[in-house]
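Numbering (our numbering), first residue to last: 4 to 194.
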């Protein structure tokens, strides 16, 4: 009960302060709050979305009772694109990791929207109404070189002493590789 009261008090305080105006009419102007590019752990088996702390404290502040309670509170979001979808998420503060998270209900949203790492979730509000939307990440740009192109790599002689003994040294991933100076290029990279 105290957790619901906390959110209702926050909503009415923001309405009175001119934070979005009015009571939920269809023509209300939406205020963009924030967006987050979801990570693999946000859409994976952990079944939670970590809300960036500065956005959580600005837009979804938890009162002392809700913050100390592991149950947190429930936030209801409408689908920003319309339709009948209403998304109910448990929102709480995890003191162990000092992070704000959306848990219960999040996995259903991920599944229904087919979210993947790199997609963006955005949060808006109109008065006391909350909205959620998502968009796919931009498609990867294909390389301009044709597939199967070869690049020859010439390894430079680093030191005169190495050149005189007919050997070169290449450091690769922390390992020194000894190469013969008279050998043809050993690396042909295919893109």
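The C-beta atom is built at its ideal place from N, Cα and C for all residues, glycine as well. Computed from a prediction, not measured in an experiment: that's the story for all the values here.
Beta-ladder partner(s) of residue i, from DSSP
{"i": "residue 123", "result": "40 and 138"}
{"i": "residue 109", "result": "Note: residue 109 sits in no beta bridge, so no partner."}
{"i": "residue 181", "result": "172"}
{"i": "residue 129", "result": "132"}
Residue i vs residue j beta-carbon contact at 8 Å
{"i": "residue 75", "j": "residue 96", "result": "yes"}
{"i": "residue 51", "j": "residue 90", "result": "no"}
{"i": "residue 41", "j": "residue 122", "result": "yes"}
{"i": "residue 127", "j": "residue 60", "result": "no"}
{"i": "residue 120", "j": "residue 43", "result": "yes"}
{"i": "residue 32", "j": "residue 131", "result": "no"}
{"i": "residue 81", "j": "residue 37", "result": "no"}
{"i": "residue 106", "j": "residue 93", "result": "yes"}
{"i": "residue 171", "j": "residue 182", "result": "yes"}
{"i": "residue 102", "j": "residue 53", "result": "yes"}
{"i": "residue 83", "j": "residue 45", "result": "no"}
{"i": "residue 39", "j": "residue 124", "result": "yes"}
As assigned by DSSP and simplified to three states, the class of residue i
{"i": "residue 33", "result": "coil"}
{"i": "residue 27", "result": "Any reading at residue 27 must be qualified, since the residue scores a pLDDT of 43, below 50, and its modelled position is unreliable; no value is offered."}
{"i": "residue 117", "result": "coil"}
{"i": "residue 198", "result": "Here the chain comprises residues numbered 4 to 194, so residue 198 is not present and cannot be evaluated."}
{"i": "residue 102", "result": "strand"}
{"i": "residue 9", "result": "In this prediction, residue 9 scores a pLDDT of 34, lower than 50, which makes its location untrustworthy; the coordinate-derived value is nonetheless stated afterwards. In the structure shown, residue 9 sits in a helix (DSSP, three-state: H, G or I)."}
{"i": "residue 89", "result": "strand"}
| message | For a minimum of 4 consecutive residues, which ranges assigned as the alpha helix (DSSP H) are wholly contained in the region 45 to 87? | response | The region 45 to 87 contains these whole alpha helix (DSSP H) runs: 56 to 62 and 67 to 71.
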